[in-house]
Amino acid sequence: FMYFPGKPRWSRPMPRTLTYAFSPVNMIHSLSMLEIREAFQRAFFKWASVIPVSFVEAEDYGFAEIKIGFYIGDHGDGEPFDGVLGVLAHSFSPESGRLHLDAAETWAVDFGVTKSEMAVDLESVATHEIGHILGLSHSSVKEAVMYPSLRPRDKRANLNIDDIKGVQSLYGSNPKFRSGWLLESDLSANQG
Amino acid sequence: RTILDHQAFTQPATKIAIKNHNIQSFINAGIGTKMLGIAQFKRYLTRFGYIPMYNNTFTDEFDDKFEVGLIRYQQRLGLQVTGKLDSNTVSQMMIPRCGVSDTTTHNNHHHITKH
């Protein structure tokens, strides 16, 4: 795992709650709001289950700490999106909270329903981008959520031990996190 | 000599678009080689932080800076380190990805703090 320069993180005392909201303007319509909301809920929950940080959806986009939106092309942050595939999304290190997804992608929450060969799993990308929001940079571990690339129709939404160690070194462990599971994974990975 | 589709190399810096049958043609390229399409890889590696800016001009010459960038990319992405445009490396570059730079020396605006 890697951090951004200066190891930035959300700095208020732990445990803490971060609010997130979806842009009322910059959204897609190929998925329902419920599907998008649920995909992000699952993504946020994965990180919240390993660190003493929880995430709550806020109604007021303007005051939310994490702002999520889908954008086309040049959207004013100096990193224009490039259309279908190529770059899928980007986000910003703490404590900016901006999480941007390329609206040109064929976003999917169920590959059984979305048949396109270019479909991209929303939950996997959301989980990855939340890792950036929390302060993790890209990992060299191919199985890690924080590995930078994702093939169309692939799903990589479960945190790898590399992701967990990285984020816990920034925020500490969630008291409810089963450290035995981490040890088990370590052991099985080593034996593997 | 394989004829490459010039249109394939007019993509944004974030996209490597090469037909599969053309990937092989890059394998033997090394320092000093000039080959249509190298500039596209230079743009890509610069965009994601592996080589410094070429003053916004990217030639099709396989130079030493490009080789260093390739090696960094292969190390960072857990690929076999060859310093060449081998098929695994080119294929990896063609996979969709996150737009955040892989290194800490580029796209500094992505690493800001809100005050």
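Chain order of the listed sequences is W and D. Residue numbering for the first sequence follows the numbering used here, starting at 1 and increasing by one per position. Residue numbering for the second sequence follows the numbering used here, starting at 1 and increasing by one per position. Beta carbons are placed, not taken as given, at the ideal position from N, Cα and C, and that holds for glycine.
In whole angstroms, what is the alpha-carbon distance linking D/Gly69 and D/Tyr50?
Roughly 5 Å separates the two Cα atoms.
Contacts that W/Ala89 makes with chain D (C-beta to C-beta distance below 7 Å):
Per Cβ cutoff of 7 Å: Cys98 and Gly99.
Within this structure, are the beta carbons of W/Ala126 and W/Ala43 separated by less than 8 Å?
The answer is yes: Cβ separation under 8 Å.
At a Cβ threshold of 8 Å, is W/His132 touching chain D?
Closer than 8 Å to some Cβ of chain D, the Cβ of W/His132 qualifies, so yes.
Test item: CB-CB of W/Ile145 and W/Ala157 under 8 Å:
The question names Ile, yet the displayed sequence has Val at residue 145 of chain W. Cβ atoms of W/Val145 and W/Ala157: closer than 8 Å.
Assuming W/Ser30 contacts W/Gly69 under a Cβ cut-off of 8 Å, what Cβ separation, rounded to an integer in Å, is found between them?
No, W/Ser30 and W/Gly69 are not in contact; Cβ-Cβ is about 15 Å, not under 8 Å.
What is the rounded straight-line gap between the Cα of D/Ala17 and the Cα of W/Arg9?
About 36 Å.
What residues in its chain sit with their C-beta under 7 Å from that of W/Ile28, if we drop five residues either side in the sequence?
Apart from sequence neighbours up to five positions away, the residues of its chain that approach W/Ile28 with a beta-carbon distance below 7 Å are Phe70, Ala103 and Trp107, ordered along the chain.
I'd like the span of the beta strand (DSSP E) that includes W/Glu57, first residue to last.
DSSP places W/Glu57 in the uninterrupted beta strand (DSSP E) bounded by Val53 to Glu57.
Between W/Ser139, W/Pro15 and W/Thr19, which lies nearest to W/Ile66 when the distance is taken from Cα to Cα?
For W/Ile66, the nearest C-alpha among the options comes from W/Thr19.
Using the Cα positions of W/Glu95 and W/Ile133, report the straight-line distance between them to the nearest angstrom.
Taking the straight line from one Cα to the other gives about 8 Å.
Element boundaries [alpha helix (DSSP H), containing W/Phe40]
Here the alpha helix (DSSP H) through W/Phe40 covers Met33 to Ala48.
Run through DSSP, which three-state label would D/Ser87 get?
Helix at D/Ser87.
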